[in-house]
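Chemist: Before I ask anything, let me first share the structure, which is written out below as structure tokens.
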Amino acid sequence: MSNCSEQYSYWSTSEFMSLAFHVLTIIEIPTHIFVGYVIVFKTPSRMGNVKWYMFNVHLWSAILDISFTFLVTPYFIFPATAGYSLGVFIWFGLNPAIQDLPTLRCFYTGPVFVFTLDSTVVARVTMFKLIVEFTYLGILVYLTFRSLMNQTKHAALSKNTLALQKKFFSSIIIQTVIPFAIIILPIAYCGYSMSSLKYNQTFNNIAFIIISSHGLISTIAILLIHEPYRKTLFGSCQMKNRVTATSSTATQPNLSARDTIRSARPT
1 MSNCSEQYSY
11 WSTSEFMSLA
21 FHVLTIIEIP
31 THIFVGYVIV
41 FKTPSRMGNV
51 KWYMFNVHLW
61 SAILDISFTF
71 LVTPYFIFPA
81 TAGYSLGVFI
91 WFGLNPAIQD
101 LPTLRCFYTG
111 PVFVFTLDST
121 VVARVTMFKL
131 IVEFTYLGIL
141 VYLTFRSLMN
151 QTKHAALSKN
161 TLALQKKFFS
171 SIIIQTVIPF
181 AIIILPIAYC
191 GYSMSSLKYN
201 QTFNNIAFII
211 ISSHGLISTI
221 AILLIHEPYR
231 KTLFGSCQMK
241 NRVTATSSTA
251 TQPNLSARDT
261 IRSARPT
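Residue numbers for the sequence shown follow UniProt numbering, so the first one is 1 and each next one is one higher.
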């Protein structure tokens, strides 16, 4: 039997969850569009061989974000492996079972979709998924690092090129680590909730809001970590400030000349 929290607040309601996801959607859509534009049109020639790989990763991350926060908008009820959808798909009458598991065939009625009565199934599948993902990332990082070291020793590349490769490699590492570091805490809470059968819907909502924002944070990381994109962002801001300062400076001599003419007139 699970231990339920007796506290009730707006933070535990589906209305709060829906509002939070819709606010995330409003932030995500222009951010993803802008970063996609920057990757396609502002990537320097020295990064041309990775431009479309980065855009591919960004595109699927944006699709996942919008699907999660706008189309499905899940409302999970941990530690039970159950929940229901609050997103746009519900407005069109799409069955929650179809939204969550397109290949599942079952008889279903009611808004709550129960995936399984045994919560350990989800825990085992999630653990296996995380092990596979971290193993793949570890192998990728090791092979990339070894390739860079071999190029440093044997390749006829200039020191400037090797320095750029190492800098780009470090940026990719940071870009990958940031989203994972953000979702570790909510995933740990979900694991604790399922193992201890502790139910707190407020914590459930906050955990899944954090998880759903990892794509947005990864997109912002792309913009801030890579130097060409960072210069594009802050360069446009500096240009606006420069134009404003130039306009005010151009107006000042006109005012001074007008005052001089007025003072020269006989009284």
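Yeah, the Cβ is synthetic: ideal placement off N, Cα and C, and Gly gets one too.
(1) Round the Cβ separation of M54 and I39 to the nearest angstrom and send it over; I've been treating them as touching at under 8 angstroms.
(2) Would T135 be called buried (16 or more neighbouring beta carbons within 10 Å of its own) or exposed?
(3) Taking the straight line between their C-alpha atoms, what separation do you get for T25 and I66?
(4) Please classify P30: does DSSP put it in a helix, a strand, or coil?
(5) Under a three-way DSSP split, which group does G87 fall into?
(6) Rounded C-beta distance between F208 and F89? I'm assuming under 8 angstroms.
(7) Alpha carbons only, please: which of F92, A82, A221, W52 is nearest the one belonging to Q175?
(8) May I have the straight-line CA-CA distance separating K198 from K166, to the nearest angstrom?
(9) Just the C-alpha distance for A264 and P44, rounded to the nearest angstrom, thanks.
(10) Enumerate in chain order the residues of its own chain whose CB-to-CB distance from P228 is below 6 angstroms, with the five nearest sequence positions on each side excluded.
(11) Which parts of the region 129-215 are runs of the alpha helix (DSSP H), unbroken and 4 residues or longer, counting only runs that do not cross its ends?
(12) Hey, could you find the ends of the alpha helix (DSSP H) F55 is sitting in?
(13) Going by DSSP, name the residue or residues bridged to F76.
(14) Are the Cβ atoms of T69 and L86 separated by less than 8 angstroms?
(15) Helix, strand or coil for Y8? Go by DSSP, reduced to three states.
(16) Tell me the rounded alpha-carbon separation between S171 and I210.
(17) For S212 and Y189, I'd like the C-alpha separation in whole angstroms.
(18) Secondary structure at P44, three-state DSSP: helix, strand or coil?
(19) Between the C-alpha atoms of F41 and I63, what's the straight-line distance to the nearest angstrom?
(20) So, with DSSP's three-state summary, where would you put T25?
(21) In its own chain, which residues sit with a C-beta less than 8 angstroms from the C-beta of I29, not counting the 5 before and 5 after it?
Modeler: Judging by the given coordinates:
(1) Going by Cβ atoms, the distance from M54 to I39 rounds to 6 angstroms, so yes, they are a contact pair.
(2) Classification for T135: exposed.
(3) Spanning the two alpha carbons is a distance of roughly 6 angstroms.
(4) In this structure, P30 counts as helix in the three-state DSSP scheme.
(5) Of the three classes helix, strand and coil, the one that applies to G87 here is coil, per DSSP.
(6) The Cβ separation is near 17 angstroms, so there is no contact.
(7) Distance from the Cα of Q175 is smallest, within the candidate group F92, A82, A221, W52, for A221.
(8) Taking the straight line from one Cα to the other gives about 46 angstroms.
(9) Confidence at A264 is low in this model, with a pLDDT of 49, below 50, so its placement is unreliable and no value can be given for it.
(10) The answer, listed in chain order, is P44.
(11) The region 129-215 contains these whole alpha helix (DSSP H) runs: 159-196, 201-212.
(12) Start and end: 48-66.
(13) F76 is bridged to G83.
(14) A distance of 8 angstroms or more separates the beta carbons of T69 and L86.
(15) If DSSP states are grouped into helix, strand and coil, Y8 belongs with coil.
(16) The straight-line gap separating the alpha-carbon atoms of S171 and I210 is approximately 23 angstroms.
(17) Take the alpha-carbon of S212 and the one of Y189: they are about 15 angstroms apart.
(18) Here P44 carries a coil assignment [DSSP, helix/strand/coil].
(19) In this structure, the straight-line span from the alpha carbon of F41 to that of I63 is close to 20 angstroms.
(20) Looking at T25 - three-state DSSP - the assignment turns out to be helix.
(21) Correct list, in chain order: I66.
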